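**Student:** Encoded as structure tokens, here's the structure I'll be asking about.
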Amino acid sequence: MDFDYARYVTLMNEFSNTCGKIRTFRDPEIKRSIVPLCEFLRIAAFEVTVDSANSSSHKPLMQPFFYYFKGTADRKRALKIDETIYDGSVAHYNILPSFGEPDWSEQELEQIRALEKQVAMHSERGYIMKLAEEKGRIDETLEIYLLPYFFEYIGRVMAEGKLDKYGAVYFNLKRFSLVNEYFSRRVADDIMRSYIRGLERSVKGDKCICRVGGDNFVMLYEKADLDTVVEYLLGKKVKLNGIEVNVSATAGYCTITEDVRKPTDVMDRISETIQMARTVYKKPYAFYDPKMAEQKKRMKEIENIFPEAIKNEEFKVYYQPKVRIEDGKIIGAEALCRWVRNGSIVPPMQFIPVLERSSSICVLDFYMLEHVCCDIRRWLDEGRKVVKVSVNLSRMHLGNEMLLENILGIIDRHGVPHEYLEIELTETSADVDFDELKNIVNGLHESNVSTAVDDFGTGFSSLKLITELPWGVLKIDKSFIPEDSNEHSKREKILRHIITMSNDLGMECIAEGVETLDQARLLHQMECYLAQGFYYAKPMPCEDYEKNLMCE
Ligand code: C2E
Ligand code: MG
Ligand code: MG
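Pasting the structure below:
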């Protein structure tokens, strides 16, 4: 037989291309390419033990399988591909005559050796390609799958008709940038890995956790495991080589229902829910509710009508007095925004979170500052009693490099002495843009405009935030004020410590949300001398506030 080398090469290429795709026992693909090869070599049987490259353990997964060919092939000629060497990453194969008399000619044996090399090479290529494919799907730092796998997994469960037994969650680790900053990147990675592994271990049923990127993750879990997931994501201590860090997450959950048609529906729901939890509800977690769509529509409406509303001056400044507990004397006020829309008053919680989704909040804050400055200037000109007024500034301003100039520009344009103004910034701003926060607090301090940490205790209480910046005031959040003066709770102890710390650091300390005389007395006894709350006065329109001040 004349040996047709070109045809041999074509057949070998076909064979090796197909061989790498072998996934299941008796893969029809391999048959398609082996038949002509065997016919060419006049081989009657071909025994294959291939699967090392596809198996994670690199051990053959299946029994050898044989192909028999009738007709042109010689019944006595057979080949066997056998896994003989495994060097840690790549399986090599020897191709052996498997039965019958070894009537191979020298030339045929040469061909067999060539075949052997091809298969070995192919096995290597197949393994490397599979590895590369896997690597593209896997996050190497955490050793978990990336987002595309999540869709794949949902698709698979969906195809099995079991998706309605599952729930899904999108979660974001809270303030992980601080963990990165505090520890080395490597330690922070270890902490993150440990937290994710812990979650994986805690959940008993079927699950799939994937990294979306950074500190964002998605997870599919069985409905029965929901409580475990919620509890875990609310916070867990990660202990690692003597380090102990409490890691928690903000999460958006969705219980999968029949109307989920495709994997991206699940993703849409959970990403929408986490966004609502974070920006609108300001809660550590939320559950998907079809009403969210309605809510989103309303939010869109607010965004759309905002420019016109601000032009029409529909936003009004309400003032809430701040008092000295000892004698109830008004020592300051906080400017709080109210939206008067079609004759009714819309409270800030209904529109501020919406405006915070864009830079509209910055427009509103500057509008409030303008109006407050305008009022103060008028009071001064009218010879009225004037006390310091604080204005809330959203964290959204922190990206504005001209922020300090903008604030001082407004104050100075109205000719208001700086000591009459205070800027309140919420504590939660801290973890995001420490440097920008530092610039603005320092700048205001140098310009004699006071600054206050608002809602202290609800966000991330970093000592760095308190000690490194020259804040004038610390506003203790109302959640720390005991409802009952007989309450000897943990929160009361914390309250006492916050007050002591604030006094020691030379900051003015004021308690928010004081509603009863008992609370005021307790605060005074703890050496917190200033308060703001319904017990003294609710936020009120400018005219009422002016009357209140006159009665002092
Ligand atoms: P905040 O700055 O912490 O303001 C204090 C909130 O506590 C006000 O809610 C006030 O009405 C309420 N409050 C005062 N005393 C008591 C009390 O004794 N008991 C209770 N339960 N609540 C009390 P308000 O006016 O609804 O404002 C809510 C939040 O909206 C503010 O919290 C602030 O974060 C934001 N906000 C209000 N106006 C503005 C603004 O002009 N700009 C920005 N960026 N945020 C604003
Ligand atoms: Mg405030
Ligand atoms: Mg507050």
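Residue numbers for the sequence shown follow my numbering, so the first one is 91 and each next one is one higher. In this text, a Cβ means the ideal position worked out from N, Cα and C, and glycines have one as well. Given the structure is predicted, the values throughout are model-derived calculations rather than measurements.
(1) Indicate the three-state DSSP secondary structure (helix, strand or coil) for residue 173 in the structure shown.
(2) When you compare the segment 527 to 541 with the segment 507 to 518, are there three or more beta-carbon pairs, one atom per stretch, that lie closer than 8 Å?
(3) Which one of 365, 527, 412 has the shortest CA to CA distance from residue 491?
(4) Should residue 642 be labelled buried (16 or more other beta-carbon atoms within 10 Å of its own) or exposed?
(5) Going by alpha carbons, who is nearest to residue 438 out of 432, 454, 346, 412?
(6) Under three-state DSSP, which class holds residue 561?
(7) Relative to the C-alpha of residue 301, which residue among 548, 484, 279 is closest?
(8) So, under 8 Å CB-CB, residue 546 and residue 566 are touching, yes? Tell me the CB distance rounded to an integer number of Å.
(9) Report yes if the C-beta distance between residue 457 and residue 629 is below 7 Å; otherwise report no.
(10) Below 7 Å between beta carbons: does that hold for residue 463 and residue 501?
(11) Under a Cβ-count criterion, where at least 16 other Cβ atoms within 10 Å of its own Cβ denotes burial, should residue 146 be classed as buried or exposed?
(12) Which residues does DSSP list as the beta-bridge partners of residue 413?
(13) Identify every residue that forms a DSSP beta bridge with residue 337.
(14) Where DSSP assigns a beta bridge to residue 251, which residues make up the other side?
(15) Closest to residue 573 by CA distance: which of 561, 593, 583, 604 is it?
(16) Am I right that residue 651 and residue 405 are in contact with their C-beta atoms under 8 Å? What's the rounded C-beta distance?
(17) Could you give the C-beta distance for residue 281 and residue 335, rounded to a whole number, given that I count them as a contact under 8 Å?
(18) Would you identify the three-state DSSP class for residue 432, choosing helix, strand or coil?
(19) What does DSSP give as the partner residues of residue 303 in its beta bridges?
(20) With respect to 6 Å, is the separation between the Cβ of residue 415 and the closest non-hydrogen atom of ligand 1 below this value?
(21) What are the partner residues of residue 630, as DSSP defines its beta bridges?
(22) Looking at C-beta atoms only, is the number of pairs between the segment 416 to 432 and the segment 345 to 364 that lie closer than 8 Å three or more?
(23) Return yes when the Cβ of residue 602 is within less than 7 Å of the Cβ of residue 622, no when it is not.
(24) Quick one: is the Cβ of residue 455 within less than 6 Å of any heavy atom of ligand 3?
(25) Does the segment 239 to 248 come close enough to the segment 312 to 320 that 3 or more CB-CB pairs lie under 8 Å?
(26) Please list, in chain order, all residues with a C-beta atom less than 6 Å from at least one heavy atom of ligand 2.
(27) Express the C-alpha separation of residue 410 and residue 559 in angstroms, rounding to a whole number.
(28) Would the C-beta of residue 284 count as close to ligand 1, meaning under 6 Å from any of its heavy atoms?
(29) Name the DSSP beta bridge partners of residue 235, please?
(30) On a Cα-Cα basis, can you pick out the residue from 303, 313, 230 that is closest to residue 253?
(31) For my contact list, residue 308 and residue 240 are in at a C-beta cut-off of 8 Å; report their separation, rounded to the angstrom.
(32) Which class does residue 371 belong to by DSSP, given the choice of helix, strand or coil?
(33) For ligand 3, is there any heavy atom lying closer than 6 Å to the beta carbon of residue 598?
(34) Which residues in the same chain have their Cβ closer than 6 Å to the Cβ of residue 345, if we skip the five residues on either side of it in sequence?
(35) In whole angstroms, give me the CA-to-CA distance for residue 197 and residue 231.
**Tutor:** Well, looking at it:
(1) Locating residue 173 in the sequence shown gives position 83, where the first residue counts as 1. Note that residue 173 scores a pLDDT of 47, beneath 50, so its modelled location is shaky; the value from the coordinates is reported in the next line. Strand at residue 173.
(2) yes
(3) The residue given as residue 491 occupies position 401 in the sequence shown. The candidate whose alpha carbon is nearest that of residue 491 is 527.
(4) Working through the sequence shown from its first residue, we reach residue 642 at position 552. Looking at its Cβ environment, which holds fewer than 16 other Cβ atoms inside 10 Å, residue 642 is exposed.
(5) Counting from 1 along the sequence shown, the entry for residue 438 is found at position 348. Here the closest residue by C-alpha is 454.
(6) In the sequence shown, the residue the question calls residue 561 occupies position 471. Coil at residue 561, not helix or strand.
(7) Indexing the sequence shown from 1 puts residue 301 at position 211. The candidate whose alpha carbon is nearest that of residue 301 is 279.
(8) Counted from its first residue, the sequence shown places residue 546 at position 456. Counted from its first residue, the sequence shown places residue 566 at position 476. Between residue 566 and residue 546 the Cβ distance is about 5 Å, and since that is below 8 Å, they are a contact.
(9) Within the sequence shown, numbered from 1, the residue matching residue 457 stands at position 367. Within the sequence shown, numbered from 1, the residue matching residue 629 stands at position 539. Their beta carbons are not under 7 Å apart, which means residue 457 does not touch residue 629 by this criterion.
(10) Sequence index remark: in the sequence shown, residue 463 carries index 373 (1-based). Sequence index remark: in the sequence shown, residue 501 carries index 411 (1-based). Yes. Within cutoff.
(11) If you number the sequence shown from 1, residue 146 lands on position 56. Low confidence applies to residue 146: its pLDDT is 41, below 50, so where it sits in the model is not reliable, and the reading given next is rough at best. Residue 146 should be labelled exposed.
(12) As a first step, residue 413 is located in the sequence shown; it is residue number 323 there, counting from the start. Residue 413 is bridged to 420, 621.
(13) Residue 337 sits at position 247 when you count from the first residue of the sequence shown. The partner list for residue 337 (beta bridge, DSSP) reads 326.
(14) Residue 251 sits at position 161 when you count from the first residue of the sequence shown. For residue 251, which the question treats as bridged, DSSP gives no partner whatsoever.
(15) The sequence position of residue 573 within the sequence shown is 483, counting from 1. Residue 573 has its Cα closest to that of 604, out of 561, 593, 583, 604.
(16) The structure shown does not extend to residue 651, since the chain spans only 91 to 642, so no value can be given for it.
(17) Counting from one through the sequence shown, the residue named residue 281 turns up at place 191. Counting from one through the sequence shown, the residue named residue 335 turns up at place 245. Indeed they touch by this definition, with Cβ atoms about 6 Å apart.
(18) To locate residue 432, count along the sequence shown from 1; it is residue 342. Residue 432 falls in the coil class under three-state DSSP.
(19) Position 213 of the sequence shown, counting from 1, holds the residue named residue 303. According to DSSP, residue 303 bridges with 306.
(20) The count along the sequence shown starts at 1 and reaches residue 415 at position 325. Every heavy atom of ligand 1 is 6 Å or more from the Cβ of residue 415, so no.
(21) Within the sequence shown, numbered from 1, the residue matching residue 630 stands at position 540. In the DSSP output, where bridge partners are listed per residue, residue 630 has 409.
(22) no
(23) Within the sequence shown, the letter at position 532 stands for residue 622. Within the sequence shown, the letter at position 512 stands for residue 602. Going by C-beta atoms, residue 622 is nearer than 7 Å to residue 602.
(24) Translated into the one-based positions of the sequence shown, residue 455 becomes position 365. Answer for residue 455: no, Cβ out of range of ligand 3.
(25) no
(26) 424, 482, 514, 544
(27) Mapped onto the sequence shown, residue 559 falls at position 469. Mapped onto the sequence shown, residue 410 falls at position 320. Cα to Cα, the separation comes out at about 26 Å.
(28) Counting from 1 along the sequence shown, the entry for residue 284 is found at position 194. Residue 284 Cβ: outside cutoff for every heavy atom of ligand 1.
(29) Position 145 of the sequence shown, counting from 1, holds the residue named residue 235. Paired residues: 228, 300.
(30) Residue 253 sits at position 163 when you count from the first residue of the sequence shown. Measuring from the Cα of residue 253, the nearest candidate turns out to be 313.
(31) As a first step, residue 308 must be located in the sequence shown, where it is residue number 218. As a first step, residue 240 must be located in the sequence shown, where it is residue number 150. Indeed, because the Cβ distance is near 5 Å, the residues count as touching under 8 Å.
(32) For the purposes of this step, residue 371 is taken as the residue at position 281 of the sequence shown. Correct three-state label for residue 371: helix.
(33) Locating residue 598 in the sequence shown gives position 508, counting from the first residue. No.
(34) Within the sequence shown, numbered from 1, the residue matching residue 345 stands at position 255. Answer for residue 345: 257, listed in chain order.
(35) Along the sequence shown, one-based indexing puts residue 197 at 107. Along the sequence shown, one-based indexing puts residue 231 at 141. For residue 197 and residue 231, the distance between alpha carbons rounds to 51 Å.
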